[in-house]
Every structure is written in C-alpha cells, then in structure tokens.
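Have a look at the structure below before the remarks.
Protein chains: 2
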Amino acid sequence: MKIAVDAMGGDHAPGEIVRGAVEAAREYRQEIILVGDREKILAELGQSPPAPIEVFHAPEIIAMGEHPAVAVRRKKQSSIVQAVRLVKEGEAAALVSAGSTGAAMAASLLGLGRIQGIDRPAIASVLPRRGGTTVLLDAGANVDCKPHHLLQFAIMGSLYAEKILGVPRPRVGLLNVGEEETKGNELTLATFPLLRQAKINFIGNVEGRDIFAGTVDVVVCDGFVGNIVLKAGEGLATALLGMIKEEVTRSWLAKMGTAMAISALKCFERRIDYAEYGGAPLLGVNGVSIICHGSSTARAIKNAIKRAREAVETGLVSAIRSSIEDMAEHQKVGIN
Amino acid sequence: MKIAVDAMGGDHAPGEIVRGAVEAAREYRQEIILVGDREKILAELGQSPPAPIEVFHAPEIIAMGEHPAVAVRRKKQSSIVQAVRLVKEGEAAALVSAGSTGAAMAASLLGLGRIQGIDRPAIASVLPRRGGTTVLLDAGANVDCKPHHLLQFAIMGSLYAEKILGVPRPRVGLLNVGEEETKGNELTLATFPLLRQAKINFIGNVEGRDIFAGTVDVVVCDGFVGNIVLKAGEGLATALLGMIKEEVTRSWLAKMGTAMAISALKCFERRIDYAEYGGAPLLGVNGVSIICHGSSTARAIKNAIKRAREAVETGLVSAIRSSIEDMAEHQKVGIN
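If you're matching them up, the sequences are chains A and B in order. So that you can map any letter, position 284 of the first sequence is 284 in my numbering, and since no number is skipped, the others follow by simple counting. In my numbering, each residue's number is its place in the second sequence (first place is 1) plus 336.
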C-alpha cells in the first residue's frame, strides 16, 4: 500500500515534508509517493530516493492565496491535484497534504467524489486533552450548515473515533451554549432530535469547556464554530506558554540554572503539540485524504502518514459508506 | 453613588458576595446596598453592617435552573429583581450580580429597558492576554444574530474598551474563519460592510488566534460563538494548568521541594484568573448592569464593583446612547 504525499504544500515545503516522509518510510516501512517538483524533491532527498520512496513529478503548485476551486480546475499538474489523482486511480491508497486547506478539500472532493448519502465532507480534528484525545468536527470545511449535515458529521466522527482512535462506543456531543435540550441556536435546536435518533452514543449537548475535559469523545459543530474554537485554542495555548515562560524565568531561572526548567517546559509543550496528533482527515469523500496544518513539521507529516495508513487498514471509508447506507435504509423503512 | 449587589446570586452566595462587597467598601470607600435575605446577609456581615454598606431585604431567590423570563416576572421580591429596581428608581447607580446569567439579563432588560436604537443588549467579556486585555462580545446573550445586531455590538464594545479599559481608538475586529473580506458564513459576510462604514476603528476580520494575541482590542461575534469560545478557553486553561502541575510534580518537586514551584504556579494562575477582571457588563440597557461568573469569589465581586463604578463615572451608558443616536442620524441623512 502506497501513500501519496503532497511534497510542495505547507509553510516548510518541501524540506520538512520530505523529511517527514523519509522518517515514516523508515519507521513504519511505509511505501510513499512524493508528489511535486522532481528536482526540488530529489535535492531534499539527496541523490536517489531511499528504498520505499518514489517521486512523482508534478510541476505546478497551488499557493495559499489562490481561490481553491478555481486553482484546482486550472492547475491540473499541481502537486495536490496529482496526489488526489493517484488515489483515484488506485496508484496510492491515501493522500496527505499540508498545503492550502481549501485546495486540498476542493481537489479531494472533485477528484474522489462524495460518499453516497454525504452532502458535505467535514474535517475531523483530533485535540489533545489529559488522558486522551477529543475529535472535533467540522473543523472548517463548511461555514454554514443544516441539521442533516451535523447528523452526518456525528456519524462520521463516531466511526473515526472508534476505528482510528480505538474508542469503544464513542460519546458524541453536540457543541452548544448549555446542556439542556432547550438551549441553543436555531441550528442546534433542530439538530438535537436528529442526533438522538441516530445510531450513535449521543450524550446530548456539551459546552465549550467539555472539549478539553474528557467528558466527550466526539464534538459536533458547524465549520465556522469549529474553526474559531480550534484557532482560539491554539492562540490561547501559545499565549499561556509564553506567560509561563516569563513567570518561570522571572522567579526560578536566575536562581537555579536554566537547564531543568527548559526541559520540563519542552516536555510539556510536546504533550500539547498538535503535530503529535498528525493531520485531520476529510471525512465523507471516497478515499482517505489527510489534511495537515500549514506549519507542519517533519514529525507532523510522519504522524499524518501513520494516520492515513491506519485509516486505510481499518477500512474507515467503507465503514462510513455502510453506516450511511444503513441510516438511509432505516429512514426509508421509517417512512413506509 | 451607591452600587446594588445581588447578595444571593452565585455558587458561593451569600458568603463570598458579602465578603467581596465589604472589601470593595473598604478599599474603594464605595457605598454598597446588599440586596437579599436580611438575616443571612447580617449573619455574614457579623452584627451591624460596616459603615458604607446597607442591607435591602429581598426574601426571594431565583435559582440557576429556573426559566429566566418566567422567574423574573413571578418573583418580584427576588434579590436580582429588587437590585434592578433600586437602579431604575435611582436608589443605586449600578448593579452587580453573580446569579443566573439569564435571570440577571431578563431582570435588567425588563427593569431598565433598552437604549433607544439598540435591538439586543450584549454581554461584553474582558479576556486576559499578554500585556493587556481583549473585549469579546456578545459572550452569550443572543444565540442567533443579524448583521445589524453585530454592528450595534461593535459600537458598544468599542466604547467600552475606550471608556472603561482606557484603550485609545480600540481596534475592532469581526471574528471569522479567515482574514480576507470574502471569507465567512452568511452572517459575517453581511456584517463586514456594515462595520466598515461604522464610526469605529474597524480593522477587518480576525481569527480565533487573534483573541489572545494582542492584535485586536474588541472582538465581535454572535452570542453562540462567543459563549463557546469563552468556555472552551476556560476549559483549555484549566486542562493546561493541570498538565503543567503534573509535569512540574513529576520532574522537579520530588527533587527540589514544593514551595517554590507552587508559588510560581500560583503567581501564574493569578495572571490568567478571570476573577481579576471583574464581571461582564450587559451593554445596551438603560443602566449599568454587571454580570459575574457563577463561581465568583470575593475578589471577583470586589473587582466587578470597581468595574461598575468606573462605568458610572465615565458615563458609559450615555456615551452608548449618543453614539447610537449619532449613527441613526447619520443613516437618516444618508437616506435623504
């Protein structure tokens, strides 16, 4: 099984991307196709690629500022479009990209198509918390959603937590401003009854503080809220670490030497580092497409490749397909 | 100038509320009316109240679970309804409550009324960041908003940052999923042009990470998003502190004694403690109404009382009134 990696996407491409791929190839013996400018990739690899890595030449690049759908249609020879094509044509089993999220989404959607019954694919982010992780979706693919979209997100997120993160009977919660069923905006009020009837372990409404509390495994929201919560969390964690470093420096370092303090903080930073958790899958397309943070390091890419492999091995896409078919069947019976 | 304090509202009422009021009375020589069950308040105060504190007897309490609008209409003798009445009738210049947010909002809205031209009052939360604070509104009063509501929030938030927090020409940003004008959901796309035309220092769209970055002073969003971002931030900060404590304990404490580590963490916790920043004003009502966190401690109440006094002294309500009149006048001229 090969995994296509968009070597040209991301703030640190192609250097960190290529390094991450090499590490994954070594550590997991994973076969990888690096997609992008052959010259540049080979320059990063040094001489010829190591054993389980091939290079697929794609001369064009879609930059961060470009309109995703337009760029994807025009730049057929771009690294992201070609990586998707490799998956579509069965050359690769999955793809990983740290390029423009919009372009990766548009290319995946156009190239792979939607799973029947899914109206809107969603990005599922995995967030660290004490003693585990929480899946949040949609993390930004769809800014305006209808209740049945959130229902589909809930089903896909539950399968992802179960299959990939190994959570038995994942607790699924609807992100809201209060726990009571009567709380919420128009969207969540209309979504609540749909989730209650779905074949998932729906635990009801959850609040913002639950995301990091370990009280819920899958948090469902529209992509506007999801994107803002994620970025606010990143911003807050960065600000807090800055404040902690100031505090530590002020009160301890002068007295006690810097080595120990820095080692403890690094250890802590690693625990909350998003790179540890790999990329976020675009759930609902006909194939495995993992979207990474634009600032991904080699470690983030390596972990995303691992994530992609797990998604293929556990049959995530076909599990989503049959759950959605099952739901549709169930609804049909209900109508008759 | 007297400030009415709802002595019965909050998880730690009346004990912490009364203590906070006594501290404010001493520290700022602030005249205070404690509103609630006279017996219980006097028991906390010990014998007769200290000099600038009076007790106003209100026998009823609105509990957290009660439907706010219904409870406010039925329980005329409740502490929150009576505190609002004291403001309305000019006995007090402002009120502070840590009780049910919904009840405090409903009582303020019914009792004080809206400022003409304001359709929906909003809760303005002040968030700590390195080197300052950020105002976020609406923090939860209105879960479904229209563009002109967000415009009103922006004007009120800007005045609050200027008058109360002393920020000259506050930078106002629209919370969104990207910085470009073309990014956003239906609500933010329609709001952007309104904010650009308003008489505020509108800097455009801001993202979740900007809230804690110091790049913006006033962040505007609907109350659904605002409430979730705030609670997620609280939850994340708590989780991070827990993780840090674990990390510190694991690597340092055993070796170096606990005293220093705990003192540095306490110092840090104090910097991010929401109690430091007092309560959140309900902007847009005809009077100063400060809503506090349900878990408010004496320090939070003391700081909220200080906030309330500043709002009265700087003429926040009349400033909002004239800005909104000015805007309406401007629009009228524009139409003619």
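All C-beta atoms in this analysis are idealised placements derived from N, C-alpha and C, irrespective of residue type, glycine included. Predicted, not measured: the structure shown is a model, and the values here were computed from it.
Asked	Found
Would the segment 535-544 of chain B count as touching the segment 177-190 of chain A if we require 3 or more Cβ pairs under 8 Å?	no
What is the rounded straight-line gap between the Cα of Thr-470(B) and the Cα of Leu-45(A)?	46 Å
According to DSSP, which residues form a beta bridge with His-393(B)?	Gly-372(B)
Measuring only between beta-carbons, confirm whether Arg-465(B) sits less than 7 Å from chain A.	yes
Going by C-alpha to C-alpha distance, which of Arg-409(B), Ala-361(B) and Glu-402(B) sits closest to Pro-388(B)?	Ala-361(B)
Does the Cβ-Cβ distance between Leu-127(A) and Leu-136(A) come in under 7 Å?	yes
Would you tell me roughly how many angstroms separate the C-alpha atoms of Ala-664(B) and Ala-568(B), rounded to the nearest one?	36 Å
Verify the CB distance criterion: does Lys-146(A) have a CB-CB separation below 7 Å to chain B?	no
Please state the DSSP three-state secondary structure of Ala-254(A).	Only weak support exists for where Ala-254(A) lies, its pLDDT of 44 falling under 50; the coordinates are left without a value.
Considering only residues of the same chain and omitting the five flanking positions on each side of Val-84(A), which have a CB-CB separation below 7 Å?	Leu-95, Ala-107, Ser-108, Gly-111 and Leu-112
Within 10 angstroms of the Cβ of Gln-383(B), are there 16 or more other Cβ atoms? Answer buried if so, exposed if not.	exposed
Could you check the C-alpha separation between Ile-627(B) and Val-358(B) for me, to the nearest Å?	19 Å
What is the rounded straight-line gap between the Cα of Gln-116(A) and the Cα of Ile-320(A)?	10 Å
Please report whether the beta-carbon of Val-565(B) lies at a distance below 7 Å from any beta-carbon of chain A.	yes
In the structure shown, what three-state DSSP assignment does Thr-314(A) receive?	coil
Is Leu-530(B) helix, strand or coil when you go by DSSP?	helix
At 3 residues or longer, what runs of the beta strand (DSSP E) sit wholly inside the segment 211-248 of chain A?	218-220
Any beta carbon from chain A within less than 7 Å of Asn-521(B)'s own beta carbon?	yes
What's the call for Gly-426(B), buried or exposed, on a 16-neighbour Cβ count within 10 Å?	exposed
Please name the residue, chosen from Met-156(A), Val-18(A) and Gln-152(A), that lies closest to Gly-315(A) on a Cα-to-Cα basis.	Met-156(A)
Between which two residues does the alpha helix (DSSP H) holding Ser-415(B) run?	415-424
Kindly indicate which three-state DSSP category Lys-638(B) falls into: helix, strand or coil?	helix
If I measure Cβ to Cβ from Lys-88(A) and keep anything under 8 Å in the same chain, skipping five residues before and after, which residues do I get?	Gly-111, Leu-112 and Gly-287
On the CB-based measure, 16 or more other CB atoms within 10 Å of its CB, does Pro-350(B) come out buried or exposed?	buried
The alpha helix (DSSP H) that contains Pro-404(B), what's its start and end?	404-410
Could you please give me the residues that DSSP links to Asp-6(A) through a beta bridge?	Val-35(A)
Suppose the cutoff is 6 Å on Cβ atoms and the five residues either side in sequence are ignored; what does the same chain contact list for Ser-632(B) look like?	Gly-346 and Ala-434
Less than 7 Å between the C-beta atoms of Ser-125(A) and Ala-103(A), yes or no?	no
What separation, rounded to the nearest whole angstrom, lies between the Cα atoms of Ala-379(B) and Glu-402(B)?	27 Å
Please tell me whether Arg-465(B) and Gly-550(B) are closer than 7 Å, where the distance is taken between their beta carbons.	yes
In terms of residue numbering, what span does the beta strand (DSSP E) encompassing Pro-128(A) cover?	125-129
Identify which residue in Pro-50(A), Leu-240(A), Ser-318(A) and Val-72(A) has its Cα closest to the Cα of Leu-283(A).	Ser-318(A)
When the Cα atoms are used, what is the spatial distance from Ile-398(B) to Arg-645(B)?	25 Å
Write down the C-beta distance between Leu-510(B) and Leu-531(B) rounded to the nearest angstrom, noting that I regard them as a contact closer than 8 Å.	6 Å
Quick one: does Val-479(B) have its CB under 7 Å from some CB of chain A?	yes
Do Gly-372(B) and Ala-394(B) have their beta-carbon atoms positioned less than 7 Å apart in this structure?	yes
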